[in-house]
Each structure stands twice: as C-alpha cells, then as structure tokens.
Amino acid sequence: MGFHMPTKVLYGRDVVLKNRELIQNFGERFLIVTGKSSKKNGSLEDVLDVLDGKYVAVYDETPENPPTAIVEEIAKMFTDADVVIGIGGGSPMDTAKAVAVLLENPELSAQDLYESNKYKKAKPIICVPTTAGTGSEVTQYSVLTFNGRKRGFSHECIFPRVAFVDYKYTLTASEELTLATALDALAHAVEGFISLRATPFSDVLAVESVKLIKEFLPKVLNDPENEFYRERLMFASTLAGMVIAQTGTTIAHALGYNLTTEKNVKHGLATAVFLPFELKVTNNEKSKFINELFENSLMGFYEQVGVKLPISFSDEEIESWAKVVLNASHLKVTPGEYTLESIKNAYEFVRSNFCI
Ligand code: ZN
Numbered sequence: 002m003g004f005h006m007p008t009k010v011l012y013g014r015d016v017v018l019k020n021r022e023l024i025q026n027f028g029e030r031f032l033i034v035t036g037k038s039s040k041k042n043g044s045l046e047d048v049l050d051v052l053d054g055k056y057v058a059v060y061d062e063t064p065e066n067p068p069t070a071i072v073e074e075i076a077k078m079f080t081d082a083d084v085v086i087g088i089g090g091g092s093p094m095d096t097a098k099a100v101a102v103l104l105e106n107p108e109l110s111a112q113d114l115y116e117s118n119k120y121k122k123a124k125p126i127i128c129v130p131t132t133a134g135t136g137s138e139v140t141q142y143s144v145l146t147f148n149g150r151k152r153g154f155s156h157e158c159i160f161p162r163v164a165f166v167d168y169k170y171t172l173t174a175s176e177e178l179t180l181a182t183a184l185d186a187l188a189h190a191v192e193g194f195i196s197l198r199a200t201p202f203s204d205v206l207a208v209e210s211v212k213l214i215k216e217f218l219p220k221v222l223n224d225p226e227n228e229f230y231r232e233r234l235m236f237a238s239t240l241a242g243m244v245i246a247q248t249g250t251t252i253a254h255a256l257g258y259n260l261t262t263e264k265n266v267k268h269g270l271a272t273a274v275f276l277p278f279e280l281k282v283t284n285n286e287k288s289k290f291i292n293e294l295f296e297n298s299l300m301g302f303y304e305q306v307g308v309k310l311p312i313s314f315s316d317e318e319i320e321s322w323a324k325v326v327l328n329a330s331h332l333k334v335t336p337g338e339y340t341l342e343s344i345k346n347a348y349e350f351v352r353s354n355f356c357i
C-alpha cells in the first residue's frame, strides 16, 4: 500500500495573499479559468492582486459540467499561457486541468485526454477551490462532459502543483450550493472508505472527513456566515479529495452522473442520494462502520439537512441509465455484486425515497 498526493496544500485564511512570491515564481503568462462566482466571493480579486505585474488572461465563462468542446476552445484562445490557474468549484478546476494538458500538447484533441498514454506533461496547474466539496484541488482527475455523458480522465500530470485552500471564499455560497457540494465531499469520503482500493492511510482521512461533515454541515446550514463552521467543512472537503486521489470513486458517482447530465441535478446531490443504497449492497464491516457514524440512519441525516430531488424519471430512463452504469469503470473498485437488475433497483430506491 502507499499514499501519493504530490500537490502542495496551503491552507488557511488569506492564504493566496500571503503567498504572492510563490505564485509569481511559477511563470510570466497566466491563464485563469473560472466561472462568474469568483468575482463575488473575492477569490478572483485575490489572485489578480498577487499576479500584479504579470501577463494575465481570464476566462470566466466556464459552465457547470463543462463539455470537452469548451476545453478545446479555451486552449485555442490562450495558446501562449505558461501557467493555468483554476478558480472555483469542480467545473473550472477540472476545465483548467484539461486546458493545461492541451496547452502543453497542442496536437491533441479533447478526446485524446482520455488516452493517458498519448501525453506525459501538462502546463503547471494551480487550484483555488471556492466550494467545500469537489476536492479537485488535490486530485489527478478531471471530469468533463463528453458526447453528452460525464466522463472523467485521470493523469499524474494534472495533479495541481499548489492548492490554495481558503474557506473564506465559501462564506457567500448559497444554501443550495453549500448542501450539494458538502454532499459531494461526503460521497468522496464514504465511497473512498468502502472502495476496494482503500488503504489504512486513506481510511484515516475518510473517517475524519465523514465525522466533520456529519457534525458541521447542519451547523453551516443554520449559521452560514460562521467562519469556524465553514472552515471545518472546507477541511473535510480537502481530506475527502485526498481520499479519492488514492481510491477513486465508486458506483454512487457512476449512478449520479446520469441525474446530472439528463436531469440537471447538482453533482453532489445526484451522487449522495445513492449512498444509502450502496452501503446496503456493500454490507460489510466498513459499511456498518459508516452507518454507525450516522446512528444507523444516513437517511435521517439526509432528512435533517434537507436532501430532496425535485425531479421525476421513467422506467425507460432507468433502463437506459442502468445499461451505462453497468459498463462504468467505477464498478471495478466497488465492493458487492451489481447486475442490471440491482442497478435499476438503485434508481428505483432514489425515486421512491427522494423524488417529490
Ligand atoms: Zn464527486
């Protein structure tokens, strides 16, 4: 067993502003990939401040669940960048990672990103998370929408060089975003813990992350401007990211992708609703341990924090989604047996328990 997470993590309030020189030393021409919210939460302003004197280009149109076409477009627009900074939730950070690969290897198409033997290097990547959830700032993954489906790629070269993790950017996050992103972190910690690739190193981080989310997510929802609570959730999210850098994610992520691409459900929410089902199928010491952390009622916790899915779906949709999930690579690291029938049951479970 081992532990590999080569990203330098700098953590704390104002951590970007306190490390001006470190960021400046990365290069001369910076490309910032972000969405609209980084203007409101102060993260873009901090990064622009420390890049004073450098050439800086900003792409701030990153959509949620970015399609690979956007990645190609950005790489063509900013060919001369020598450092890529991703600021935001998972979508801008994952886009930044993919762009960094294409900038270093201009002969590649976005489709080639999924063939990891076609490239070795990327431009240096710096990540500044502004949600407590994705953990992308400490992983070698980038999840994009390819041919209408969410599909991740993984490569050593897209581990960010530095992650600047400052909870203050999450203080303005809406209740809906706070809940959905924290549920993503919870899914990372739980799936990583039961994953067949879990190690005693990743387990320590996973358990701590689950405990923190259980304690502090309800507190943040009740008191969203409380800096201590926000900091604890940010810490939990970073730990959970370190977990999946070791273990990958399991079937709940594969199941959830369909609800995100077809029904527009936020990724964390779409994923976490499958955890109770996955834990039931797993049915081993580890799933029991997780259930006990929630007093044997993860569903009760979900009710407490208001997990609901304002969507509906048909038996035909379930049938077509289940076929996709059955072929997902996530199944290889998921404990327990899954068939087309049991995967359909997972969607039926979610439909009858969470859909209104
Ligand atoms: Zn996730």
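Numbering of the sequence shown is given in this note's numbering, commencing with residue 2 and proceeding in unit increments. Backbone N, C-alpha and C fix where the C-beta goes; we use that ideal spot for every residue, glycine too.
Cβ neighbour criterion (16 or more within 10 Å) applied to residue i
i: methionine 2; result: exposed
i: asparagine 78; result: Correcting the residue type first, residue 78 is methionine in the shown sequence and not asparagine. Exposed, because fewer than 16 other Cβ atoms sit within 10 Å of the Cβ of methionine 78.
i: proline 7; result: exposed
i: asparagine 284; result: exposed
i: histidine 268; result: buried
i: glycine 136; result: buried
i: leucine 145; result: buried
i: aspartate 15; result: exposed
i: threonine 340; result: exposed
Identified DSSP bridge partners for residue i
i: serine 203; result: Its beta-bridge partners do not exist; DSSP assigns none.
i: arginine 30; result: Tyr56
i: isoleucine 126; result: Val85
i: lysine 9; result: Val163
i: proline 68; result: Thr146
Three-state secondary structure assigned by DSSP to residue i
i: alanine 311; result: As written in the sequence, residue 311 is proline, which differs from the alanine given in the question. If DSSP states are grouped into helix, strand and coil, proline 311 belongs with coil.
i: histidine 14; result: Here the sequence assigns arginine to residue 14, which means histidine is not the residue at that position. Looking at arginine 14 - three-state DSSP - the assignment turns out to be coil, as it is neither helix nor strand.
i: serine 155; result: strand
i: alanine 164; result: strand
i: lysine 41; result: helix
i: leucine 270; result: helix
i: serine 143; result: strand
i: arginine 150; result: strand
i: threonine 179; result: helix
i: threonine 283; result: helix
For residue j and residue i, believed in contact at Cβ under 8 Å, the rounded distance
i: valine 17; j: valine 48; result: 6 Å
i: valine 308; j: phenylalanine 275; result: Incorrect: roughly 11 Å between the Cβ atoms, too far for contact.
i: leucine 270; j: alanine 181; result: 4 Å
i: lysine 124; j: alanine 99; result: That pair is no contact at about 11 Å.
i: proline 130; j: glutamate 176; result: No, proline 130 and glutamate 176 are not in contact; Cβ-Cβ is about 19 Å, not under 8 Å.
i: alanine 174; j: serine 210; result: With a Cβ gap of about 18 Å, alanine 174 and serine 210 do not count as contacting.
i: phenylalanine 165; j: valine 84; result: At roughly 13 Å, the Cβ-Cβ gap does not stay under 8 Å, so phenylalanine 165 and valine 84 are not in contact.
i: leucine 11; j: valine 163; result: 6 Å
Beta carbon proximity, residue i to chain D, threshold 7 Å
i: phenylalanine 278; result: The displayed structure is made up of one protein chain only, and chain D is not part of it.
With a floor of 4 residues, list each alpha helix (DSSP H) that falls wholly inside the stretch 295-346, ordered by position along the chain. Taking only runs of at least 4 residues, the alpha helix (DSSP H) segments lying wholly in the stretch 295-346 are 299-306, 316-327.
Legend entry - Residue ranges of each alpha helix (DSSP H) within the stretch 224-278, 4 or longer: Fully enclosed alpha helix (DSSP H) runs of 4 or longer: 228-248, 252-264, 268-273.
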